[in-house]
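Residue numbering for the sequence shown follows my numbering, starting at 30 and increasing by one per position.
Glycine included, C-beta positions come from ideal geometry on N, C-alpha and C.
Since this is a predicted model, take the numbers as computed values, not measurements.
Below is one structure, written out as structure tokens; comments come after it.
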Amino acid sequence: MPSPRSQDAGVAPRRRKQVVLWTAVGVVALAFLTAMEIAARHYGNPGPLTTHARELVFTPDSGPQLYAGLALMMVVLTWRQRFLALGAAAGIDVVFALVRWGADADQKFGNGALWVLWGCALFALVKLRGRDRVLLLQGVGLGLLLVLGNQTGDTWLTITSETRPEVLDPYVVTADHALGDPSWLMGRAVEATDPVSSHLLAAIYGQLPLAAALVALYQLRHVATERRFPSHHLVRTFLAIGLLGPAVYMIFPVVGPIFAYGADGGQWAVANLWPDTVPSVSTPGPIPFDEITPRNCMPSLHTAWALSLFLHSRNGSRLMRFAGTFWLVGTLSATLGFGYHYGVDLVAGVVFALTVEAAMRALARGWDRSASVLIAYGAVVFVALLLSYRFLPVEMARYPWLFGPLLIAVMGSVIYGCWRTTKAWEREAAPKAEQPEQTQLVTA
């Protein structure tokens, strides 16, 4: 049986590695945020750092997200500390509300959550030492990453509208004929069942971050007692999807059928066709669009987020598994039924989500050949989809009996590959999880 001194000697290097890793993550995140700030300033808009600083004092635009970040941070606290943190945040918000009431300003909440987050970071740096400091800083970092990730995403969307004056919707709507134009079909279905369907789908679509936060809190519920984070959880995948996805928007700018072919596009729309009349097949080309509407369709990140939520809910309770399935189906229906996305956007979103999820799991468990093959295959399929939408849309529309099943089959191959590989990883991890219990029995 190893001595306590030898155990402490082994813990110290691991702790130093954690500090180095999180320091590196912080430096990279700060460099990325600075780059986004410079890019946004170049186009005359506030970047994520400016927005974050403003929300410390001025009226915040993302109150629910700020409290979601606080909730993620509180997973490292005891119940007493959680009540104190939440009470402090609420008290600060009350003070801000009274000041705004006196100044006759808009009443919004969220400043208190951000003040408590930064206050906990300062407390960890000044008062805590060792594992307690690292754990609290990890919790603060997780909460701030969620907040700053949301603000960075807004900056990304602004940059896409400023830098991409032309959009590729004609290519995508032509390729979408291969799938039977599902956005037009779902749009008519929502109109026929309005207002029940529209209100329900709007709630599901708009509250996807809340559903994700609940799943994440369920996954992280034992952090305070175990004094460590799980190696992989939903927040990591959510942030990775949100940071990587907008980069694809810059390569493949698309605004969606409700804007390019619907009433919401105004004078910039090709025609007011959605959802009553499907556009005819013709040779596509880029079309100019306004400098306001985000080019945020390819891939569908709402699909990617809903799918990652579904995957992470599989290990939860029956109620959580049902909720994950419900949110996935509802989100897919809303993205199509409200005209925000084409069907081929969703196919690309599924492949994108599974590739990112596989990469996050591989980083958590350790990289090997199976991870490299899976992620490389997902990346190749994703690139092939984008190329086919751009250069083969007319052929896809003319031969839907060929390209429609082919799109579904290619997407299914990525789904099957991820399922098979992750199941193999879980079987490999099972004996390692049982090893400590066996060692204890032998020692006893």
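* Asked: How about Val169 and Leu146: do their beta carbons lie closer than 8 Å?
  -> The residue labelled residue 169 in the question sits at position 140 within the sequence shown. The residue labelled residue 146 in the question sits at position 117 within the sequence shown. Contact flag set, yes.
* Do the CB positions of Leu415 and Ala207 come within less than 8 Å of each other? -> What you label residue 415 is simply residue 386 of the sequence shown in a count that begins at 1. What you label residue 207 is simply residue 178 of the sequence shown in a count that begins at 1. For the 8 Å CB-CB criterion, Leu415 and Ala207 do not form a contact.
* **Reference Ser311, options Val244, Thr203, Ser337 and Pro323, closest by Cα** => For this step, residue 311 is matched to residue 282 along the sequence shown. Ranking Val244, Thr203, Ser337 and Pro323 by Cα distance to Ser311 puts Thr203 first.
* Three-state secondary structure (DSSP) at Asp37? -> In the sequence shown, residue 37 corresponds to position 8, counting from 1. Residue confidence is low: Asp37 scores 49 on pLDDT, short of 50, so the model does not pin down where it sits. No coordinate-derived value is stated.
* Taking Leu99 and Ala114 to be in contact with their CB atoms under 8 Å, please state how far apart those CB atoms are, rounded to whole angstroms. => On the sequence shown, position 70 is the one that residue 99 refers to. On the sequence shown, position 85 is the one that residue 114 refers to. Yes, they are in contact, since the Cβ atoms of Leu99 and Ala114 sit about 7 Å apart, within 8 Å.
* Output the boundary residues of the alpha helix (DSSP H) element that contains Met389. => If you number the sequence shown from 1, residue 389 lands on position 360. Segment Gly372 to Arg394, the alpha helix (DSSP H) holding Met389.
* To do: Just confirm the distance between the C-beta atoms of Trp297 and Gly368, as a whole number of angstroms; I'd bet it's less than 8 Å.
  => Here residue 297 corresponds to residue number 268 of the sequence shown, with the count starting at 1. Here residue 368 corresponds to residue number 339 of the sequence shown, with the count starting at 1. Contact flag wrong, Cβ pair sits at about 15 Å.
* Asked: From Ala413, Thr384, Val412 and Phe288, pick the residue whose C-alpha is nearest to that of Ser401; which is it?
  -> The count along the sequence shown starts at 1 and reaches residue 401 at position 372. Comparing Cα-Cα distances from Ser401 to each of Ala413, Thr384, Val412 and Phe288, the minimum goes to Thr384.
* Asked: Can you round the beta-carbon distance between Pro286 and Ser227 to whole angstroms, since I take them to be within the 8 Å contact cut?
  -> Position 257 of the sequence shown, counted from the first residue, corresponds to residue 286. Position 198 of the sequence shown, counted from the first residue, corresponds to residue 227. The pair is not a contact, with the Cβ atoms about 16 Å apart (cut-off 8 Å).
* Asked: alpha helix (DSSP H) containing Asp122: first to last residue?
  -> Here the question's residue 122 lines up with position 93 in the sequence shown. Unbroken alpha helix (DSSP H) run through Asp122: Trp108 to Ala132.
* Return the CA-CA distance between Arg256 and Tyr96, expressed in angstroms with no decimal places. => Residue 256 sits at position 227 when you count from the first residue of the sequence shown. Residue 96 sits at position 67 when you count from the first residue of the sequence shown. Cα atoms of Arg256 and Tyr96: separation of roughly 22 Å, rounded to the nearest angstrom.
* Is the Cβ-Cβ distance between Met440 and Asp374 less than 8 Å? -> Here residue 440 refers to the residue found at position 411 when the sequence shown is read from its first residue. Here residue 374 refers to the residue found at position 345 when the sequence shown is read from its first residue. Cβ atoms of Met440 and Asp374: not closer than 8 Å.
* Asked: Leu243 to Leu237, Cα distance in whole Å?
  -> Within the sequence shown, numbered from 1, the residue matching residue 243 stands at position 214. Within the sequence shown, numbered from 1, the residue matching residue 237 stands at position 208. Their backbone Cα atoms lie some 10 Å apart in a straight line.
* **Met389 versus Phe267 - alpha carbon distance** => By one-based count along the sequence shown, residue 389 stands at place 360. By one-based count along the sequence shown, residue 267 stands at place 238. Whole-angstrom Cα-Cα distance: 10 Å.
* Between the stretch 277 to 296 and the stretch 316 to 332, are three or more C-beta pairs nearer than 8 Å? -> The stretch 277 to 296, when compared against the stretch 316 to 332, does touch it at the 8 Å Cβ threshold.
* Given Thr364 as reference, the closest of Phe318, Ala218 and Gln136 once Cα atoms are compared -> If you number the sequence shown from 1, residue 364 lands on position 335. Nearest C-alpha to Thr364 among Phe318, Ala218 and Gln136: Ala218.
* To do: Would you kindly work out how many angstroms separate the C-alpha atoms of Asp210 and Val423, rounded to a whole number?
  => Within the sequence shown, numbered from 1, the residue matching residue 210 stands at position 181. Within the sequence shown, numbered from 1, the residue matching residue 423 stands at position 394. One C-alpha to the other measures close to 14 Å.
* To do: Would you list the one or two residues that DSSP bridges to Val316?
  => The sequence position of residue 316 within the sequence shown is 287, counting from 1. In the sequence under discussion, the amino acid at residue 316 is Ile, which differs from the Val named in the question. Beta-bridge partners assigned by DSSP to Ile316: Val196.
* To do: Determine the direct distance from the alpha carbon of Phe138 to that of Leu85, and round the result to whole angstroms.
  => In the sequence shown, residue 85 corresponds to position 56, counting from 1. In the sequence shown, residue 138 corresponds to position 109, counting from 1. Between the alpha carbons of Leu85 and Phe138 lies a distance of about 11 Å.
* To do: For Thr192, verify whether its CB is less than 7 Å away from any heavy atom of the ligand GDP.
  => Ligands in the displayed structure: none, and consequently the ligand GDP is not present.
* **Uninterrupted alpha helix (DSSP H) stretches inside the stretch 68 to 106 (no shorter than 4 residues)** => The qualifying runs are 77 to 86 and 92 to 102.
* To do: Would you mind reading off the limits of the alpha helix (DSSP H) that contains Val307?
  => One-based indexing of the sequence shown puts residue 307 at position 278. Premise fails: Val307 is in no alpha helix (DSSP H) and is neither H nor E.
* To do: Say whether the stretch 183 to 194 touches the stretch 68 to 75, bearing in mind that this needs 3 or more beta-carbon pairs closer than 8 Å, one atom from each stretch.
  => With a cut-off of 8 Å, the stretch 68 to 75 and the stretch 183 to 194 count as touching, because enough Cβ pairs lie within range.
* To do: Kindly indicate the opening and closing residues of the alpha helix (DSSP H) around Trp297.
  => The residue you call residue 297 lines up with position 268 of the sequence shown. No alpha helix (DSSP H) contains Trp297, which DSSP labels as neither H nor E.
* **Three-state secondary structure (DSSP) of Tyr406** => One-based indexing of the sequence shown puts residue 406 at position 377. Reduced to three states, the DSSP call for Tyr406 is helix.
* For Tyr428, does the three-state DSSP call read helix, strand or coil? -> The sequence position of residue 428 within the sequence shown is 399, counting from 1. Coil, per DSSP.
* Asked: Grouping DSSP H, G and I as helix and E and B as strand, with all else coil, what is Asn325?
  -> Here residue 325 is taken as the residue at index 296 of the sequence shown, counted from 1. Asn325 carries a coil assignment under DSSP once its states are collapsed to helix, strand and coil.
* Which residue from Phe61, Leu330 and Val299 puts its Cα closest to that of Ile316? -> Residue mapping note: residue 316 aligns to position 287 of the sequence shown, counting from 1. Nearest of Phe61, Leu330 and Val299 to Ile316, Cα basis: Val299.
* Asked: How would you label His251, buried or exposed, when you count the other beta carbons within 10 angstroms and need 16 or more for buried?
  -> Mapped onto the sequence shown, residue 251 falls at position 222. By the 10 Å Cβ count, His251 comes out exposed.
* To do: Quick one: using the 10 Å Cβ neighbour count with 16 as the cut-off for buried, is Asp135 buried or exposed?
  => Position 106 of the sequence shown holds residue 135. Asp135 counts as exposed, since fewer than 16 other C-beta atoms from the protein chains shown sit within 10 angstroms of its C-beta.
* Beta-carbon gap between Trp200 and Arg419 smaller than 8 Å -> Here residue 200 corresponds to residue number 171 of the sequence shown, with the count starting at 1. Here residue 419 corresponds to residue number 390 of the sequence shown, with the count starting at 1. Checking the displayed sequence, the identity of residue 200 turns out to be Tyr instead of Trp. In this structure, Arg419 lies closer than 8 Å to Tyr200 by Cβ.
* Asked: Hey, how far is the Cα of Phe258 from the Cα of Met103?
  -> By one-based count along the sequence shown, residue 258 stands at place 229. By one-based count along the sequence shown, residue 103 stands at place 74. For Phe258 and Met103, the distance between alpha carbons rounds to 12 Å.
* **Coil, strand or helix - Leu415 by DSSP** => Within the sequence shown, the letter at position 386 stands for residue 415. For Leu415, the secondary structure class from DSSP, reduced to helix, strand or coil, is helix.
* DSSP three-state assignment for Ser4, whether helix, strand or coil -> No answer is possible for residue 4: the residues shown for the chain start at 30 and end at 473.
* Would Pro33 be called buried (16 or more neighbouring beta carbons within 10 Å of its own) or exposed? -> Here residue 33 corresponds to residue number 4 of the sequence shown, with the count starting at 1. Residue placement at Pro33 is flagged as unreliable, the pLDDT there being 49, under the threshold of 50; a coordinate-derived value is accordingly withheld.
* Asked: Relative to the alpha-carbon of Ala408, which residue among Pro194, Ala377 and Arg398 has its alpha-carbon at the smallest distance?
  -> Residue 408 sits at position 379 when you count from the first residue of the sequence shown. It is Ala377.
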